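Inspection log for the structure reproduced underneath, given as structure tokens.
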Amino acid sequence: MSDVKRISWGKPRKPTDADRDALRAELLARARAVRADGWATHRDEWPDGQIATVAYLLGDTDVLAELEESEGTVLSRYAAELFGFHGGRKDIEAGLVGTQAWFDTVRKALGAGA
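Counting from 5, one number per residue, gives the positions in the sequence shown under our numbering.
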């Protein structure tokens, strides 16, 4: 028998405040790195989804266009990561209001240098 961990099809895990705080810290660090160093250093290091997210935070529409991303695609991708599968679906159905509000707080922290 294999030692491979079996997939659990149980109840999906709902992200905690600590999970969201860790994500916030990671995104702030990446956005600050781009501000300090420019995109060239980081474009090859990060996957396109992370680049699009940082570009969204920084308001870099040129990078979003290069990646064929938009505000809607970035927010839709993060809804479930922020609120869990069911919460993310509800936020998408509501127009991504909660996800957008969360990103607004991250953007404010970025502007304030927090």
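C-beta atoms are modelled at their ideal positions from N, C-alpha and C, and glycine is treated no differently. Predicted model only: the values in this text are computed from it and were never measured.
{"Query": "Inter-residue Cα distance where the pair is Gln120 and Ala98", "Result": "Residue 120 lies beyond the residue range present for the chain, which begins at 5 and ends at 118; the question has no answer from this structure."}
{"Query": "Local conformation of Val17 per DSSP, three classes", "Result": "One point to set straight first is that residue 17 is Arg, not Val, in the sequence displayed. It is coil, neither helix nor strand."}
{"Query": "Residues near Met5 by beta carbon distance below 7 Å, same chain, minus five either side", "Result": "The predicted position of Met5 is uncertain, since its pLDDT is 48 and thus under 50; a value taken from the coordinates is nonetheless stated next. Taken in chain order, the list of residues that qualify is empty."}
{"Query": "Whole-angstrom distance between Ala40 and Asp66, CA atom to CA atom", "Result": "18 Å"}
{"Query": "Runs of beta strand (DSSP E) wholly within the segment 23-84 (minimum 3 residues, chain order)", "Result": "none"}
{"Query": "For Phe87 and Gly102, believed in contact at Cβ under 8 Å, the rounded distance", "Result": "6 Å"}
{"Query": "Close beta carbons around Ala22, own chain, < 6 Å, minus the five adjacent residues each side", "Result": "none"}
{"Query": "Cβ-Cβ distance between Ser80 and Leu100 below 8 Å", "Result": "yes"}
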